[in-house]
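Q: Each number in the working numbering comes from the position in the sequence shown (counting from 1) with 124 added on.
Once you've had a glance at the structure underneath, I'll fire off some questions.
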Amino acid sequence: MVKQWRYPMSMIDKKGKIFGKLNIIDLIAILLIVAVLALIGYKLLVRSPGGLAGEGQAVVYTVEVKGVEPEVYEFIQKQLPSQLMAANELLDASVTDVTATPVEHDTYAMMWNANLGVETLTQVDAGTYNLVFTIEGTVKDNLSSELGTQEIRVGKSHIVKTATFELEGGIITSCERPEAAADGAAQE
125 MVKQWRYPMS MIDKKGKIFG KLNIIDLIAI LLIVAVLALI GYKLLVRSPG GLAGEGQAVV
185 YTVEVKGVEP EVYEFIQKQL PSQLMAANEL LDASVTDVTA TPVEHDTYAM MWNANLGVET
245 LTQVDAGTYN LVFTIEGTVK DNLSSELGTQ EIRVGKSHIV KTATFELEGG IITSCERPEA
305 AADGAAQE
């Protein structure tokens with residue numbers, strides 16, 4: 125007669141409990157919870173610089189606003205530098221410079237009308253100024269490039285709003301990211 129050796133499963137008993145205390149289903153649930161918590165902890169502690177949603181990226185851009193009255197231009201010059209705001213909150217961006225080009229002849233320009241929500245053909249009177257604002261700030265989300273509630277992209281309409289002045293109908297004419305340019309030059 126051949127003896128069969130049986131090894132009792134001391135880890136799992138007849139009721140399906142591990143070590144007589146913990147159900148298999150409960151163990152799987154606990155392991156999943158621990159794995160999810162470890163993943164969340166890893167994502168919070170390890171942030172990749174230059175990622176899609178990191179600590180932000182510096183941006184310098186210019187906005188052109190046409191047909192600004194001389195008195196408004198003089199007032200704006202006295203207010204610089206001036207921190208941008210949106211939805212009654214100050215943003216991590218400031219108007220650092222403004223340059224003016226006088227309008228010598230009556231011209232026409234497409235301008236955004238915020239009241240109507242459309243772009244309209246508007247007369248720009250002689251004696252007014254075309255202003256170019258230089259704005260420096262930090263975008264939080266590198267994918268959408270939003271500063272406050274406005275996307276920072278060349279060609280988009282832009283409202284230049286601070287605590288002391290607001291000009292609508294601006295168009296973003298240039299946009300640079302100094303850190304990205306420095307990284308690109310270092311890789312070449």
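By construction, the Cβ of each residue, glycine as well, lies at the ideal position given by its N, Cα and C atoms.
Quick check: the region 192 to 203 against the region 262 to 276, are there 3 or more CB pairs under 8 Å?
A: These segments do not touch.
Q: Since residue 226 sits in a beta bridge, which residues does DSSP pair it with?
A: 253
Q: How many Å lie between residue 313 and residue 149 at the Cα?
A: As shown, the chain starts at 125 and ends at 312. That puts residue 313 outside it, with no answer to give.
Q: Under 8 Å, do residue 240 and residue 222 count as touching if we go by C-beta distance?
A: no
Q: Determine the closest residue to residue 230 out of 190, 214, 224 and 185, with distance taken between C-alpha atoms.
A: 190
Q: Under the three-state reduction of DSSP, which class applies to residue 297: helix, strand or coil?
A: Correct three-state label for residue 297: strand.
Q: Which full runs of the alpha helix (DSSP H) of 4+ residues lie inside the region 180 to 230, going along the chain?
A: 194 to 203
Q: Are residue 280 and residue 259 close, meaning C-beta to C-beta below 8 Å?
A: no
Q: Look at the alpha carbon of residue 158 and the alpha carbon of residue 265, and state the distance between them as a whole number of angstroms.
A: Straight-line Cα distance between these residues: approximately 29 Å.
Q: Can you pull the DSSP bridge partners for residue 233?
A: Per DSSP, 246.
Q: Measure the beta-carbon distance from residue 263 to residue 181 and round it to whole angstroms, keeping in mind my assumption that it falls under 8 Å.
A: 6 Å
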